[in-house]
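Notes follow once the structure below has been shown.
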Amino acid sequence: MQKVPEVLNNVASPTILPTGTTRNAQDGLHHLLDAGGQRRLQIVQEDPDAKALVAIVPLDQESFARLDAIYRLLAQLNGRAIPTDKRLTRQKRLRARRMLQAYDGRMAGASQREIAEVVFRLPRVSRDEWQSAPERFAVMALLRDARKMVDGGYRALLRSRSVRR
C-alpha cells in the first residue's frame, strides 16, 4: 500500500491548474482539481520552483494508457474538450455494473433467480422456464466474473484495450 504523504500545511497556494487548490506535502506540491463528473485530478510537483511540469512515462505495457491520460490532462489544462476515456466501452461499463449488482445480491443472500429479476428486470418465471432461461446462464457468468473482479481482476478494467492479460 502506498504511503500517503504528510501534509505540511493546509494553506492553499496558487496552482498550475486552471482552478483548484495546492497543498504542500513532504514529497512536493499537490495540485488538486475537481474535474467534474466525480473525477478528481491530482498532480504532484516534486520541485516547487520548476517553471514547467514534466511527465515521465515508463515504457511498459501500460504506456499507451498513460499517454492517453496525459493527452486528456493537457486538454483539461488548456481548456479544450476532454476526450473520452476509451478504456471502458459503454458495454463494458454496463457489464461491470451488472457484475457488481449480481455480486452484491449474492452477498446479501439472493438466489440467482432473484438476481436475474433485478438485474435484467425479468418478471417472475416458473421453475421449468428458469432452468432453460438464457438469463440464468448470464447470471452465472456475471457471478463468476464478479468473483474474479473482486479477487483483483478489477485492475484489468483500466488497462488499455490493446493490452489485455
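Using this note's numbering, the first residue of the sequence shown is number 24, and each one after it goes up by one.
Using N, Cα and C, we set each Cβ at its ideal position, and we do this for glycine too.
Reduced DSSP secondary structure (H/G/I, E/B, other) of residue i
i	result
V142	helix
A35	Annotation note: pLDDT 47 at A35 (below 50); position unreliable, coordinate value reported separately. Residue state, collapsed to three classes: coil.
R187	Note that R187 has pLDDT 49, beneath the 50 cutoff, so the model's placement of it is unreliable and no number is given.
Q25	Confidence is the limiting factor: at Q25 the pLDDT is only 42, short of 50, which leaves the residue's position unreliable, though a coordinate-based value still follows. Coil.
I79	coil
V30	Because V30 sits at a pLDDT of 42, beneath the cut-off of 50, its placement in the model cannot be relied upon, and the following sentence gives the value as read from the coordinates. Strand.
Contacting residues, own chain, Cβ-Cβ under 8 Å from residue i (five flanking each side not counted)
i	result
R170	Y126
R159	Q135, R136, A139, W153
Q25	With a pLDDT of only 42 at Q25, under the threshold of 50, the placement of this residue in the model should not be trusted, and no figure is reported.
D83	none
Limits of the alpha helix (DSSP H) - the one that residue i falls within
i	result
R110	Careful: R110 lies outside any alpha helix (DSSP H) and carries neither H nor E.
Nearest-angstrom Cα separation, counted from residue j out to residue i
i	j	result
G128	A119	14 Å
L96	D168	32 Å
K115	G132	26 Å
T44	L100	14 Å
E69	A92	20 Å
Of the residues the options, the one placed nearest residue i, counting alpha carbons only
i	options	result
M172	Q68, L123, R95, A156	L123
6 Å Cβ shell around residue i - same chain, five flanking residues per side excluded
i	result
Y94	none
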